[in-house]
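Listed below in structure tokens is the structure:
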């Protein structure tokens with residue numbers, strides 16, 4: 009188990025280290041929750057003195073500097089943004105409605121307009137990089153915004169006198185120093201996976217575990233509700249504060265769980281354990297419910313190994329890098345390339361492939377060489393090393409993507425028909441379902457040239473007309489599959505995309521046609537994308553795949569690898585020697 013934890017830690021560190029190389033710094037956002045309560049909106053906390061990690065008014069401040077410091081102090085959510093209110097007149101403080109969302113501003117300008125000895129009007133404008141919801145969800149956005157503020161002297165010192173917009177405006181750089189990302193986990197609708205729900209918490213807040221569990225009980229963000237469930241009943245609550253145990257670990261007491269069966273309780277425990285574990289809150293986790301252990305067999309405490317089947321970052325399989333080259337599938341190992349067993353290793357018609365996470369199944373797109381007016385491409389599914397079963401045809405078919413299990417594959421046929429194909433075990437019966445992707449057209453137009461499903465099956469990442477689009481995979485009550493709540497390129501600011509893949513269920517890697525920043529990384533937590541090292545890549549980069557510890561990209565020379573050495577991120581891509589000088593397309597199990 010120690011090796012298991014180490015492997016998990018390495019994969020999370022790699023994502024963190026790669027993020028540290030991004031050209032853009034990550035944003036942050038917050039929500040604070042008092043003890044013994046459900047989550048509350050920003051600014052609804054009991055009033056305390058502001059912390060000392062944000063600016064405070066100083067005698068003799070210029071109006072422009074005072075406004076800038078006000079935006080920095082606004083990142084402190086406690087006591088109804090008391091730290092920021094120190095920069096306001098009493099009338100402005102009384103009238104300021106700080107509830108609701110908060111805008112994160114970058115490249116801020118403060119420009120003076122009308123001025124007298126005792127009054128001044130300023131224009132504040134900045135780049136809107138995201139909107140923080142009261143739940144702690146950060147939604148990316150773009151575009152410059154401007155507002156006007158009036159200031160007047162109070163006892164010889166400048167103070168903001170309004171009018172203040174509803175909500176909060178915050179300085180993005182101050183966010184980077186003041187907030188931290190955290191992940192809540194909810195079961196997928198098929199109960200087979202835990203799905204990430206990123207939130208942002210103020211780093212100066214106390215009792216992090218209480219905040220996380222309070223948010224977890226409150227439920228997922230709105231746009232994720234169609235893809236997950238929540239094992240916490242509607243009236244459940246955290247009773248008291250989570251306690252640290254003298255021998256290590258934590259104890260928490262829940263209420264309102266009467267009526268939950270064993271399977272429900274185990275999934276609920278998994279939600280708690282992985283949420284706390286990913287926040288570096290270690291076990292054992294002693295979980296009581298309604299005055300008794302949540303599970304009598306775990307009365308002494310749960311460990312991550314007790315819910316390992318729902319590990320949101322399961323260990324990678326032994327099967328490593330493959331390539332599609334010369335129309336066949338080949339395995340790369342020990343600095344050599346070997347055709348895979350079976351027909352895929354000998355064919356010359358293979359165009360694209362995906363391998364399931366358990367390395368047992370392959371989905372392959374091939375040229376259909378049948379005579380006559382038959383469609384040009386076909387999708388086949390089968391066991392690794394065995395014959396492929398043809399399941400559908402089309403003029404165009406995107407690179408296939410396994411979705412959460414080894415029996416379900418997603419593709420896009422004829423540029424816009426999103427399709428899920430499921431092959432039952434044993435008899436091999438194939439079920440084809442067309443996915444409702446109507447909402448995608450509201451954020452991007454053009455052909456869908458790439459679609460990849462996250463490892464937990466809850467999210468779809470697409471390239472639509474060269475733009476990156478994210479959507480939620482939702483199964484409606486009538487059984488229909490829908491791509492809902494799309495987030496488009498206007499907010500993500502990624503254009504010229506040619507390939508993408510999931511590094512984890514929370515992070516995407518994207519190849520672009522641009523020579524400047526040809527490979528970028530994007531997290532689903534609302535932070536901006538940023539470029540990965542590209543010094544020894546030779547554009548164009550045409551394909552990218554990612555595993556827990558490594559990214560592979562195909563450029564004009566061959567396939568290259570970016571990973572880590574001794575837990576430090578590589579600064580350069582390393583060549584996969586046997587792929588150099590060929591049009592190889594990398595393939596990794598998912």
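Residue numbers (my numbering): 9 to 598.
Backbone N, C-alpha and C fix where the C-beta goes; we use that ideal spot for every residue, glycine too.
Residue i versus the options, residue with shortest Cα-Cα distance
{"i": "residue 73", "options": "117, 406 and 90", "result": "117"}
{"i": "residue 524", "options": "514, 508 and 502", "result": "502"}
{"i": "residue 511", "options": "582, 320 and 390", "result": "320"}
{"i": "residue 580", "options": "494, 544, 488 and 345", "result": "544"}
{"i": "residue 399", "options": "428, 424 and 467", "result": "428"}
{"i": "residue 254", "options": "312, 186 and 291", "result": "291"}
{"i": "residue 250", "options": "215, 269 and 270", "result": "215"}
{"i": "residue 333", "options": "494, 62 and 566", "result": "566"}
{"i": "residue 141", "options": "158, 120, 112 and 131", "result": "112"}
{"i": "residue 173", "options": "137, 344, 108 and 143", "result": "108"}
{"i": "residue 347", "options": "156, 330, 361 and 410", "result": "330"}
{"i": "residue 474", "options": "505, 460 and 564", "result": "505"}
{"i": "residue 99", "options": "590, 160 and 115", "result": "160"}
{"i": "residue 459", "options": "145, 421 and 485", "result": "421"}
{"i": "residue 211", "options": "335, 328 and 188", "result": "188"}
{"i": "residue 472", "options": "462, 455 and 483", "result": "455"}
{"i": "residue 470", "options": "431, 571 and 418", "result": "418"}
{"i": "residue 232", "options": "548, 464 and 591", "result": "464"}
{"i": "residue 598", "options": "410, 269 and 217", "result": "410"}
{"i": "residue 546", "options": "468, 535 and 521", "result": "521"}
{"i": "residue 356", "options": "373, 363 and 362", "result": "373"}
{"i": "residue 342", "options": "587, 90 and 71", "result": "587"}
{"i": "residue 182", "options": "114, 246 and 539", "result": "114"}
{"i": "residue 200", "options": "256, 220, 223 and 271", "result": "271"}
{"i": "residue 448", "options": "468, 485, 241 and 433", "result": "468"}
Cβ neighbours of residue i in the same chain (closer than 7 Å, five flanking residues each side left out)
{"i": "residue 252", "result": "258"}
{"i": "residue 384", "result": "375, 376 and 403"}
{"i": "residue 366", "result": "325 and 414"}
{"i": "residue 63", "result": "77, 80 and 81"}
{"i": "residue 61", "result": "186 and 212"}
{"i": "residue 452", "result": "472, 473, 475, 477, 496 and 497"}
{"i": "residue 391", "result": "368 and 369"}
{"i": "residue 388", "result": "372, 374, 396, 397, 398 and 399"}
{"i": "residue 101", "result": "93"}
{"i": "residue 162", "result": "97"}
Other residues of its chain near residue i: CB distance less than 8 Å, five sequence neighbours each side excluded
{"i": "residue 277", "result": "293, 295, 302, 303, 306, 310, 314 and 315"}
{"i": "residue 552", "result": "507, 508, 509, 517, 518, 519, 527, 559, 560, 561, 562 and 594"}
{"i": "residue 165", "result": "65, 67, 68 and 69"}
{"i": "residue 3", "result": "What the structure shows of the chain is the stretch from 9 to 598, and residue 3 is not part of that stretch, so it cannot be assessed."}
{"i": "residue 589", "result": "565 and 566"}
Residues near residue i in its chain [Cβ-Cβ closer than 6 Å; skip 5 each side]
{"i": "residue 445", "result": "426 and 491"}
{"i": "residue 568", "result": "561, 581 and 583"}
{"i": "residue 350", "result": "393 and 394"}
{"i": "residue 662", "result": "In the structure as shown, the chain starts at 9 and stops at 598, and residue 662 therefore has no counterpart that could be examined."}
{"i": "residue 145", "result": "229"}
DSSP beta-bridge partners of residue i
{"i": "residue 410", "result": "417"}
{"i": "residue 580", "result": "Answer is none; residue 580 lacks a bridge partner."}
{"i": "residue 316", "result": "Paired residues: none, contrary to the question."}
{"i": "residue 439", "result": "430"}
{"i": "residue 190", "result": "207"}
{"i": "residue 396", "result": "Bridge partners of residue 396: none, in fact."}
{"i": "residue 405", "result": "421"}
{"i": "residue 559", "result": "554 and 570"}
{"i": "residue 391", "result": "369"}
{"i": "residue 375", "result": "385"}
{"i": "residue 199", "result": "The partner list for residue 199 (beta bridge, DSSP) is empty, contrary to what the question assumes."}
{"i": "residue 594", "result": "331"}
{"i": "residue 359", "result": "None, per the DSSP bridge assignment."}
{"i": "residue 179", "result": "113"}
Interface flag, residue i vs chain B, CB-CB below 8 Å
{"i": "residue 146", "result": "The chain inventory of the structure shown lacks chain B, comprising one protein chain alone."}
Contact test: residue i Cβ vs the ligand ZN heavy atom, cutoff 7 Å
{"i": "residue 362", "result": "You won't find the ligand ZN in this model; it holds no ligand whatsoever."}
Original post:
What residue ranges within the segment 480 to 544 form continuous alpha helix (DSSP H) runs of no fewer than 4 residues, ordered along the chain?
Top reply: 497 to 500
Original post:
What residue ranges within the segment 209 to 254 form continuous alpha helix (DSSP H) runs of no fewer than 4 residues, ordered along the chain?
Top reply: 216 to 226
**OP:** Evaluate contact between the segment 214 to 228 and the segment 166 to 185, counting only Cβ atoms and requiring at least three cross-stretch pairs below 8 Å.
**Re:** no
Original post:
If you scan the segment 57 to 131 from start to end, which runs of the alpha helix (DSSP H) of 4 or more residues do you find wholly inside it?
Top reply: 71 to 81, 86 to 93 and 98 to 103
Original post:
Should the segment 190 to 201 be called in touch with the segment 231 to 242, which here means at least 3 C-beta pairs below 8 Å?
Top reply: yes
Subject >> Any 3 or more C-beta pairs closer than 8 Å across the segment 120 to 127 and the segment 87 to 98 >> reply: no
Subject >> Whole beta strand (DSSP E) elements within the segment 271 to 353, 3-residue minimum >> reply: The beta strand (DSSP E) runs lying completely inside the segment 271 to 353 and spanning 3 residues or more are 293 to 297, 330 to 333, 336 to 341 and 344 to 347, given in chain order.
**OP:** Could you tell me whether the segment 135 to 155 touches the segment 81 to 88, using the rule of 3 or more Cβ pairs below 8 Å?
**Re:** No: fewer than three Cβ pairs fall under 8 Å.
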